[in-house]
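S.K.:
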Amino acid sequence: MQVSSLNEVKIYSLSSGRSLPEWLSDRKKRALQKKDVDIRRRIELIQDFEMPTVSTKIKVSRDGQYIMAVGTYKPRIRCFDTYQLSQKFERCLDSEVVTFEILSDDYSKIVFLQCGRFVEFHSQHGHYYRTRIPKFGRDFSYHYPSCDLYFVGASSEVYRLNLEQGRFLNSLQTEAAESNVCDINPVHFLFALGTAEGKVECWDPRTRTRVGLLDCALSSVTADTEIEGLPSISALKFDGALNMAVGTSTGQVLLYDLRSSNPLIVKDHHYGLPIKSVQFQPQLDLILSADSRIIKMWNKDTGKIFSSVEPEHDINDVCLYPNSGMLMTANEAPKMNIYYIPVLGPAPKWCSFLDNLTEELEENPESTVYDDYKFVTRKDLENLGLAHLIGSSLLRAYMHGFFMDIRLYHKAKMMANPFAYEEYRREKIRQKIEETRAQRVQLKKLPKVNKELALKLIEEETEEQQATRKRKQKNLPSLLKDDRFKVMFENPDFQVDEQSEEFRLLNPLVSKISEKRKRKLKILEELEAQEQEEEEEAEGKASDAESSESSDDDKGWVEEVRKQRKLLHQEEKVKRKEKFKEDQETVLKPQFFEIKEGEEFRSFKASAKKQKLMKKTLGDRLKLEEKLGTLNVSDITVGSKQATFKLKKSEQQRKQQEAEKQHRQERKNLRRSASHLRSKRGRGRLFC
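Residue numbers (UniProt numbering): 1 to 688.
#1: Just grab the DSSP bridge partners of TRP298 for me.
#2: Count the other CB atoms, across all protein chains shown, that sit within 10 Å of the CB of SER679; report buried if there are 16 or more and exposed otherwise.
#3: In the DSSP output, what is THR358 paired with across the bridge?
#4: List the endpoints of the continuous alpha helix (DSSP H) containing LYS28.
#5: Around the Cβ of LEU218, are there at least 16 other Cβ atoms within 10 angstroms (buried) or fewer (exposed)?
#6: Out of curiosity, what's the CA-to-CA distance linking ALA69 and ASN417?
#7: Closest to THR53 by C-alpha separation, out of THR248, PRO334, SER5, HIS313, would be which residue?
#8: Is LYS276 helix, strand or coil when you go by DSSP?
#9: For a test of the three-state rule: what should DSSP assign to THR462, helix, strand or coil?
#10: Which one of SER352, HIS410, ASP355, GLU382 has the shortest CA to CA distance from LYS374?
#11: What would DSSP say about VAL343, mapped onto helix, strand or coil?
#12: How long is the line joining the alpha carbons of SER324 and ILE338, rounded to whole angstroms?
#13: Please report the residue range of the beta strand (DSSP E) in which ILE406 lies.
#14: Measuring alpha carbon to alpha carbon, tell me which residue in LEU161, LYS57, GLN47 is nearest GLN84.
#15: Starting from LYS448 and walking both ways along the beta strand (DSSP E), at which residues does that stretch end?
#16: Pick helix, strand or coil for CYS79, following the three-state DSSP scheme.
#17: Can you list, in chain order, the residues of its chain whose CB lies under 6 Å from that of THR174, leaving out five sequence neighbours each side?
#18: So, GLY71 versus SER55, is the Cβ gap smaller than 8 Å?
#19: Tell me the DSSP secondary structure of CYS202 in three-state form.
#20: Alpha carbons only, please: which of ASP493, PHE419, GLY619 is nearest the one belonging to VAL449?
#21: How should PHE503 be labelled, buried or exposed, when 16 other C-beta atoms within 10 angstroms of its C-beta is the threshold for buried?
#22: Would DSSP call CYS182 helix, strand or coil?
#23: HIS188 and ALA241: beta carbons closer than 8 Å?
#24: With LEU113 and THR131 assumed to form a contact (beta carbons below 8 Å), what rounded beta-carbon distance in angstroms separates them?
#25: Identify whether TYR424 lies in helix, strand or coil by the three-state DSSP scheme.
#26: Indicate whether the contact test is met: 3 or more Cβ pairs, each with one atom in the region 175-195 and one in the region 231-241, closer than 8 Å.
#27: Specify whether the region 306-323 and the region 252-270 touch according to this definition: at least 3 beta carbon pairs, one from each stretch, less than 8 Å apart.
#28: Should ASP483 go down as buried or exposed, given a rule of 16 or more other Cβ atoms within 10 Å for buried?
#29: So what does ASP239 bridge to, in DSSP terms?
#30: Using 8 Å for Cβ pairs, my map puts LEU344 next to GLN279. What's the rounded Cβ distance?
#31: Express the C-alpha separation of ASN243 and LEU254 in angstroms, rounding to a whole number.
#32: Evaluate ARG138 with the Cβ neighbour count: other Cβ atoms within 10 Å of its Cβ, from every protein chain shown; 16 or more gives buried, anything less gives exposed.
#33: Here's the rule: buried if 16 or more other CB atoms are within 10 angstroms of the residue's CB, otherwise exposed. What is ASP583?
#34: Quick check on MET336: buried or exposed, where buried means 16 or more other Cβ atoms within 10 Å of its Cβ?
#35: Is the region 189-196 touching the region 140-155 in the sense that three or more CB pairs, one from each, lie closer than 8 Å?
#36: Out of THR250, GLU666, LEU169, which has the shortest C-alpha to C-alpha gap to GLU197?
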């Protein structure tokens, strides 16, 4: 069972127990289940709670006993009995289901809206009746007082099918070109539909007239939101008699009071993805809005985030089990997720053991993902001396590294560095001692890393404080107290190299300015040494090592820059001499070069000549080509020029042409000799 926490809200994922790598074979998984008690004790709340490929919609019957889900492939519906914690039945369908509705309290009456404009009715025994609507449907709602089904889709009309009379009634004509979603208020049965133009139309089923129009697309665009196109309505849900939540295709959720045309609150998911589902949680006044990436729980009065759930796979639908803290999702994956959030409510009565289980887990927290495997990179393997295992069965390639058994990793680490624990223990003891020392009144101590930089920042801070006191301004925060730059004064990897060329050229006066700071550092180090010897609390004393030197003028700065450049030049000369000596001492070995097929090596001079020619400008090369006769430039009409090039033939082409010419000459000679012989034979016959 995986546990996540956001804003101190615990979320238990019941569909994924202790995680196992997907690349393990079934045989290894069974072996792990026999050996490992934790894997064997994984929670499988409902047996085989999954689809073959993808689940698209999930709903709970009104009596709470049955959970129904539709998915692919092949298109099917699965009904799960919560009292038996297993699957009750499965039915395959002819086409994919867009959405479905449970009309009865149990599973005895179900209506499916399918992709091919089909409306299919199922009873307790199975398929009952099938009909079609004129246009492709996208959503429908059931009006209980009149037994009417309202279908919306790729049309401006709302089709009505009366289940009592068994026939279609007159359609409702809307102003929208297309409609995406619809819903009926459970209190006063107001029918609302969301259009592709970003509007919500409200209709009275009794008079079949429109009673209201809300422009949600205009209201969803605020100063903070960024949208690319016109927001359309993608989700719609009523709460009580007066509240209605609307989700848009650009990722905003709008909460309306039906008595006002302006939204009470606009919540942005900041992902730019269409809102798939909107649910209300009345106990805590929360709204659960979901797009394909995340489920957000937020307060409907203030808009403050309560918590969020981000599954591994894309979300298609969300279902909140009534009067409980259980949440189910249909995903772009075979497994359907079940989450239990104790803060939202108790566990359902058919799985009341979850309350006791979660209390025990809070007392004994356990780690979750990939407990028996360690992810290592290639560099880690080289440091451990295990690079020779790459390609073997002990390492499993994954992304930019490998998975290896945690026991093998610990053994290799112990062999590579047997004193790692002792070093870790000494470091921990040193940190504890420093923490206790920090509680005492101390002198102004400098960090161990970048002491001169810290002293410079302290001096600048004191100067700024004096200046701000005179100007009566607020003090700016110090870098030494900022947690973002804390590592720069703790980690030795961030030590400033004052001998580097860049530092010396950018800070030419660093040698003169640092003398003053070095004297201060010596005084501070002496005071710290005295304090450690006496082991008494000492008060900070002001340093009297202030130098009376004034800042250098421009002339001194230029001289220092020149001096640094000369020093760098001399250092480069020394490096060159050392490199030259090394080159003389080294013995050169002959190198062999491979010539490409079809090329003939003449000399190194030809290649050098070619490189020299390539360095010349285009004009010089054209003049040279014109002298050699491979280029002819002539004037034509209207002041333009015409250039004719003669391609140079390679040695291989030249040999091929000569061979062809010789072959043609031989054939010509053969033809001549053959004709000469025929003429001689003809003369002999005439003489006979």
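For each residue, glycine too, the CB sits at the ideal point set by N, CA and C.
M.R.: Straight from the coordinates:
#1: ILE287, ILE305
#2: exposed
#3: DSSP output for THR358 lists no bridge partner at all.
#4: 26-35
#5: That one is exposed.
#6: 54 Å
#7: It is PRO334.
#8: coil
#9: helix
#10: HIS410
#11: Judged by DSSP in its simplified three-state form, VAL343 adopts coil rather than helix or strand.
#12: 13 Å
#13: Run containing ILE406: none in the beta strand (DSSP E); it sits in the alpha helix (DSSP H), 406-416.
#14: GLN47
#15: It is not in any beta strand (DSSP E) - LYS448 carries neither H nor E in the DSSP assignment.
#16: strand
#17: SER156, GLU201
#18: yes
#19: Three-state result, CYS202: strand.
#20: ASP493
#21: exposed
#22: Of the three classes helix, strand and coil, the one that applies to CYS182 here is strand, per DSSP.
#23: yes
#24: Between the beta-carbon of LEU113 and that of THR131 there is about 11 Å, and that puts the pair past the 8 Å contact cut.
#25: helix
#26: yes
#27: no
#28: Around the CB of ASP483, fewer than 16 other CB atoms lie within 10 Å, so the residue is classed as exposed.
#29: ASN243
#30: Not a contact, Cβ separation roughly 11 Å.
#31: For the pair LEU254 and ASN243, the Cα-to-Cα distance works out to about 11 Å.
#32: buried
#33: exposed
#34: Its Cβ being crowded by 16 or more others within 10 Å, MET336 is buried.
#35: yes
#36: THR250
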